[in-house]
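Chemist:
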Amino acid sequence: MSYVDEVLELVKKKNASEPEFLQAVTEVLNSLRPVVEANEELYRKNAILERITEPDRQILFRVPWVDDNGQVQVNRGFRVQFNNAIGPYKGGLRLHPSVNLGIIKFLGFEQIFKNSLTSLPIGGGKGGSDFDPKGKSDREIMAFCQSFMTELSKYIGADVDVPAGDIGTGAREIGFMFGQYKRIKGSFEGVLTGKGLTYGGSLARTEATGYGLLYLTQELMKCHGESMEQKIVTVSGAGNVAIYATQKAQQMGAKVVTCSDSTGWIYDPEGIDVALLKEVKEVKRARLTEYAAARKSAEYHEAKDGSVWQIPCDIALPCATQNELLIDDAKKLVANGCKAVCEGANMPTTIDATEYLQNNGVWFVGGKAANAGGVATSALEMSQNSERLSWTFEEVDAKLQGIMVNIYHNIDDAAKRYGMEGNYVAGANIAGFEKVVNAMLAQGVV
Ligand code: GLU
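So for the sequence shown, the working numbering puts the first residue at 4; every next one is plus one.
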């Protein structure tokens, strides 16, 4: 049996109840086959694949907090510190009822390769809780965040592990967590990223994941002799990534015609009104029905009535959550002539849907490369905190653009080096993996 197959068997046996983690590991290890075959003896002897698929540590804890009725609630908190070969653990905190250990492990595993691709010194980690922020008062959110950080603060630090936002964790939550960390430790340090601008946050961090996605997509199109001008783009999601992806796509001259949330989706043939979407989602924290009510050109569909992927487009940008673009969606995209799919979310496309898109000539860039702009800008926030300076929006944005263009060429080159031209999924996994493995080998058996 090949080394990759042996380790896949082992990982399946050890983590049988974690389908998302197994999906992420299967995708990565399968695409690394040519690299592993070329270095089989060295990697086997050093148990590289066994080590890279086993987190350094997994921290699970109770998060008790009191709701507005005086009732004590209990959630489960997680932080998985996966790999710190190239820098302190870095990755977001997801607050969503679906969160469990397998989901945090899949996200932490992906983060190792994504963070490596940014070319900045950050390792891979992820955390979160099954707490549902939806419908909670500001006081309840604060109570949860303070309790969560009271325990998490024991395990993180500016040179150790630097969490950030993810689904359900935005500026408000990061603010409450930062305040509690500072109170417990008595130390003002860059322990979280995505902070507010008045206390160490970076300009352009809010926009970074969505903007970065478009900088990479634009480079992909350019290298295939195309531009973003007049392209019809479908976006899923209506959170931070989707909003700023839509804004940047429109600045580039494309027309974004969809968005979605957990209950339904919008088709707006006139183009999504970003200011209205921000008002509904960021200010009112309301449902997309409010968007439809305020805009004549918009059609609202319930989630059970299809998805944004049935709308014909040139470029599809899944920006919602894992496993939201399935094989039937991939078939519709291909049938409607979609040219490119770039992932703004983490693992939104299932393995069979990815393969279908690739086999039918769609340029497909996975989240580890395409959505790396968020965490890259987090690393830029860490740099600014270390030098106690703040850069201008233009400086950060220019660095972000450079990083995303560089990622595209790195993954394109890595795929070509192993005879897989145009397979950007393999290219991303290979380029991300090579740097981490070099660092692991240099640092010995740790
Ligand atoms: N949660 C984001 C991601 O999936 C950002 C992480 C960070 O900024 O540390 O990459």
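We put the CB at the ideal spot given by N, CA and C, even for glycine.
Taking only runs of the alpha helix (DSSP H) that begin and end inside the region 145–214, which ones reach a length of at least 4 residues, in chain order?
Modeler: Entirely contained in the region 145–214, the alpha helix (DSSP H) runs reaching 4 residues are, in chain order, 174–188.
Chemist: Let's test the definition: count the other Cβ atoms within 10 Å of the Cβ of Cys226 and tell me whether it reaches 16, buried, or not, exposed.
Modeler: Position 223 of the sequence shown, counted from the start, is the residue given in the question as residue 226. Result: exposed.
Chemist: Looking at the strands, I want to know which residues DSSP matches up with Arg82.
Modeler: Against the sequence shown, residue 82 aligns to sequence position 79. DSSP, once it has assigned bridges, lists Ile62, Gly130 as partnering Arg82.
Chemist: Less than 9 Å between the C-beta atoms of Leu216 and Gly376, yes or no?
Modeler: Numbered from its first residue, the sequence shown carries residue 216 at position 213. Numbered from its first residue, the sequence shown carries residue 376 at position 373. A contact, by the Cβ cut-off of 9 Å.
Chemist: Comparing C-alpha positions only, which one of Lys258, His99, Ala431, Ala373 sits nearest to Val344?
Modeler: Against the sequence shown, residue 344 aligns to sequence position 341. Closest option to Val344, Cα to Cα, is Ala373.
Chemist: How many whole angstroms separate the CB atoms of Phe147 and Phe134, which I take to be in contact at a CB cut-off of 8 Å?
Modeler: To locate residue 147, count along the sequence shown from 1; it is residue 144. To locate residue 134, count along the sequence shown from 1; it is residue 131. Going by Cβ atoms, the distance from Phe147 to Phe134 rounds to 5 Å, so yes, they are a contact pair.
Chemist: Cα separation between Lys335 and Glu327?
Modeler: Position 332 of the sequence shown holds residue 335. Position 324 of the sequence shown holds residue 327. Distance between the alpha carbons of Lys335 and Glu327: 14 Å.
Chemist: Considering only C-alpha positions, which residue in the set Asp70, Gly182, Asn103, Gln183 is nearest to Lys139?
Modeler: For this step, residue 139 is matched to residue 136 along the sequence shown. It is Asp70.
Chemist: Can you check DSSP and say which residues form a bridge with Ile318?
Modeler: Taking the sequence shown and counting its residues from 1, one reaches residue 318 at position 315. Paired residue(s): Val236, Ala343.
Chemist: Assuming Leu98 and Gly127 form a contact by the criterion Cβ under 8 Å, report the distance between their Cβ atoms to the nearest whole angstrom.
Modeler: To locate residue 98, count along the sequence shown from 1; it is residue 95. To locate residue 127, count along the sequence shown from 1; it is residue 124. Not quite, the Cβ-Cβ distance comes to about 20 Å (not below 8 Å), so this is no contact.
Chemist: Would you be able to state if there are at least three C-beta pairs under 8 Å between the region 39–49 and the region 72–81?
Modeler: No, they do not touch.
Chemist: Using the C-alpha atoms, what's the distance from Lys402 back to Ser393?
Modeler: For the purposes of this step, residue 393 is taken as residue 390 along the sequence shown, with counting starting at 1. For the purposes of this step, residue 402 is taken as residue 399 along the sequence shown, with counting starting at 1. Between Ser393 and Lys402, the C-alpha separation is close to 14 Å.
Chemist: Based on Cα-Cα distance, which residue from Leu52, Gln183, Glu23 lies nearest to Asn441?
Modeler: On the sequence shown, residue 441 is found 438 positions in, with the first residue counted as 1. Measuring from the Cα of Asn441, the nearest candidate turns out to be Leu52.
Chemist: In angstroms, rounded to a whole number, what distance separates the CA positions of Val378 and Met4?
Modeler: Here residue 378 refers to the residue found at position 375 of the sequence shown. Here residue 4 refers to the residue found at position 1 of the sequence shown. For Val378 and Met4, the distance between alpha carbons rounds to 37 Å.
Chemist: Using a threshold of 8 Å, is the CB atom of Ser381 nearer than that to any non-hydrogen atom of the ligand GLU?
Modeler: For the purposes of this step, residue 381 is taken as residue 378 along the sequence shown, with counting starting at 1. True, at least one ligand heavy atom lies under 8 Å from that Cβ.
Chemist: Using the three-state DSSP reduction, which class does Pro37 fall into: helix, strand or coil?
Modeler: As a first step, residue 37 is located in the sequence shown; it is residue number 34 there, counting from the start. In the structure shown, Pro37 sits in a helix (DSSP, three-state: H, G or I).
Chemist: How about Gln114: is its Cβ closer than 8 Å to a heavy atom in the ligand GLU?
Modeler: Working through the sequence shown from its first residue, we reach residue 114 at position 111. Within the cutoff, so yes.
Chemist: Does the ligand GLU have a heavy atom nearer than 8 Å to the CB of Asn451?
Modeler: Any question about residue 451 goes unanswered here, given that the chain covers just 4 to 449.
Chemist: How far does the beta strand (DSSP E) with Val368 in it reach, from first residue to last?
Modeler: The residue given as residue 368 occupies position 365 in the sequence shown. Run containing Val368: 366–368, per the beta strand (DSSP E) assignment.
Chemist: If we ignore side chains and look at the alpha-carbon of each, how far apart do Lys198 and Glu397 end up?
Modeler: Locating residue 198 in the sequence shown gives position 195, counting from the first residue. Locating residue 397 in the sequence shown gives position 394, counting from the first residue. Cα-Cα distance, rounded: 18 Å.
Chemist: Just reading off the alpha helix (DSSP H) that Ser389 is part of, what are its end residues?
Modeler: Indexing the sequence shown from 1 puts residue 389 at position 386. 376–389 is the extent of the alpha helix (DSSP H) around Ser389.
Chemist: Quick check on the burial criterion: 16 or more other C-beta atoms within 10 angstroms. Buried or exposed for Lys129?
Modeler: Working through the sequence shown from its first residue, we reach residue 129 at position 126. Under this definition Lys129 is a buried residue.
Chemist: Determine the extent of the beta strand (DSSP E) in which Arg269 is found, giving its start and end residues.
Modeler: In the sequence shown, residue 269 corresponds to position 266, counting from 1. Checking the sequence, you will find Ile at residue 269 rather than Arg. Start and end: 267–270.
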